[in-house]
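**Q** In this note's numbering, the protein residues as written are 4 to 108.
Even glycine gets a Cβ: it sits at the ideal position worked out from N, Cα and C.
#1: By how many angstroms is the C-alpha of residue 85 removed from the C-alpha of residue 13?
#2: Which of the three DSSP states, helix, strand or coil, is assigned to residue 111?
#3: Measuring only the C-alpha atoms, how far is residue 27 from residue 52?
#4: Taking 7 Å as the threshold (C-beta atoms), are residue 66 and residue 56 in contact?
#5: How would you label residue 91, buried or exposed, when you count the other beta carbons within 10 angstroms and need 16 or more for buried?
#6: In this structure, what does DSSP give as the bridge partners for residue 64?
#7: Provide the residue span of the alpha helix (DSSP H) that contains residue 11, from first to last.
#8: Hey, out of 64, 10, 17, 9, whose CA is closest to residue 94's CA?
Okay, structure coming up:
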């Protein structure tokens, strides 16, 4: 585990790429089998692949989403409401994983 440095997180893909991949992967695995796999996979590929994790300070992370999330959600199978709930769970899980991996929990 790389020691977390908030200043280095500004260049997260240089210093923390492996940890970011692990957080996203662990979050996906946590929801896999619990949520509709087509919706989960669609969110991962169409929305979260272009998301940006942000360190907010005090051990808190936030996942920012692309500007056109609504249009991307409409392209997913099932209801928009269900996809929005899964997206919210997925991003919360990523944020939780980031806190865990960087030992803020």
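**A** With the structure as the only source:
#1: Translated into positions along the chain shown, residue 13 becomes position 10. Translated into positions along the chain shown, residue 85 becomes position 82. Between residue 13 and residue 85, the C-alpha separation is close to 33 Å.
#2: Summary: the structure shown does not reach residue 111, with the chain confined to residues 4 through 108, and so no result is reported for it.
#3: Counting from 1 along the chain shown, the entry for residue 27 is found at position 24. Counting from 1 along the chain shown, the entry for residue 52 is found at position 49. Cα to Cα, the separation comes out at about 10 Å.
#4: Mapped onto the chain shown, residue 56 falls at position 53. Mapped onto the chain shown, residue 66 falls at position 63. Taking 7 Å as the Cβ cut-off, residue 56 and residue 66 qualify as a contacting pair.
#5: Residue mapping note: residue 91 aligns to position 88 of the chain shown, counting from 1. Exposed, because fewer than 16 other Cβ atoms sit within 10 Å of the Cβ of residue 91.
#6: By 1-based counting over the chain shown, the position of residue 64 is 61. According to DSSP, which records beta bridges pairwise, residue 64 is partnered with 58.
#7: As a first step, residue 11 is located in the chain shown; it is residue number 8 there, counting from the start. Per DSSP, residue 11 belongs to no alpha helix (DSSP H) and is neither H nor E.
#8: The residue you call residue 94 lines up with position 91 of the chain shown. Cα-wise, what sits closest to residue 94 is 64.
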